[in-house]
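This report concerns only the one structure given below.
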Amino acid sequence: MRKTYSKLRKALVQGEKLRGELIYVLSNREDEIQTRTRELEEANTTLKRLSREDSLTGLANRRWFAQFLSQTWRAALREQRAISILIMDIDDFKAYNDNYGHQKGDECLKLVAQAIRKSVGRASDLVSRYGGEEFVVVLGDTPLEGALKIAEQIRAAVEALGIEHKEAKFYPRVTVSIGVTSSLPSHDTQPETVLIAADRAMYNAKHEGKNRVAYSTAARTGTYQALIIAGETPKRLS
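Adding 208 to a residue's 1-based position in the sequence shown gives its number in the working numbering.
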């Protein structure tokens, strides 16, 4: 009887020991699983961010811009709120690159991108590098008047960087030309139409002397009107 009791006691002690070891292993495994899950979530967040970012400037890339514009347009259509688009291009950037080199060119792009981002401010808006030296800003719930103010802030901020540009046609520093358009979305219009109107306004600003803001109102016929609103009178440099 005593032997049986002793065996049972040893078995119980061994069982408790095994139970403790199992709990310890499972606890460590649970911690390991939680750590791995957290690492995977962080990696997925990083991958998602990188898939949306321009590798040089850290701004939104063109792919994310297209998605964001589509989403913002649908929301503006549903809520009947104005949406504005700003397209801007660094003036005479090819000449800058040719004269100062691509490394300086990349540094210039980064500085201009930072100036644009700081001038926009709202987290709900999107600043994107559209390609090369061209940038686009999407302003939700913003009528034309508000968009023009932000555009002029961007123009002034870039000029205030004071980046030397001896090869520029009109100004001895880096500047941008900006096209602005605003629309109250309807089922008869598409975001691409507004984008084209802003692009035309931007080229109008360049044609009128650069370092300025122009706005464009798109008609259903595809015609537009543009008015220069900012920037000093250009003087060609010798």
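Quick reminder that beta carbons are idealized off the backbone N, C-alpha and C, glycines included. Keep in mind it's a predicted model, so treat the numbers as computed, not measured.
Give me, in chain order, the residues of the same chain whose beta-carbon lies closer than 6 Å to that of residue i; leave out the 5 immediate sequence neighbours on both sides.
i: A359; result: L294, I386, V388 and V421
i: L226; result: none
Quick check on residue i: does DSSP put it in helix, strand or coil?
i: F343; result: strand
i: R271; result: helix
i: E261; result: strand
i: K418; result: coil
i: G329; result: coil
i: A321; result: helix
i: D314; result: helix
i: T280; result: helix
i: G354; result: helix
With DSSP as the reference, identify every bridge partner of residue i, one or two as the case may be.
i: D297; result: E342 and S385
i: V335; result: V345
i: I291; result: G348 and S391
i: E360; result: The partner list for E360 (beta bridge, DSSP) is empty, contrary to what the question assumes.
i: E372; result: R381
Which whole-angstrom value is the C-beta distance of residue i and residue j, which I expect to be below 8 Å?
i: D300; j: H373; result: 7 Å
i: V366; j: T350; result: Rounded, the Cβ-Cβ distance is 20 Å, inconsistent with contact.
Excluding the 5 residues preceding and the 5 following residue i in the sequence, name in chain order all residues of the same chain whose CB lies nearer than 8 Å to its CB.
i: Q361; result: S327
i: G348; result: T280, A283, A284, R289, I291, S332 and D333
Might you give, ordered along the chain, the residues of its own chain that have their beta carbon closer than 7 Å to the beta carbon of residue i, omitting 5 neighbours on each side?
i: R270; result: S336, Y338 and G339
i: L317; result: L264, T265 and E341
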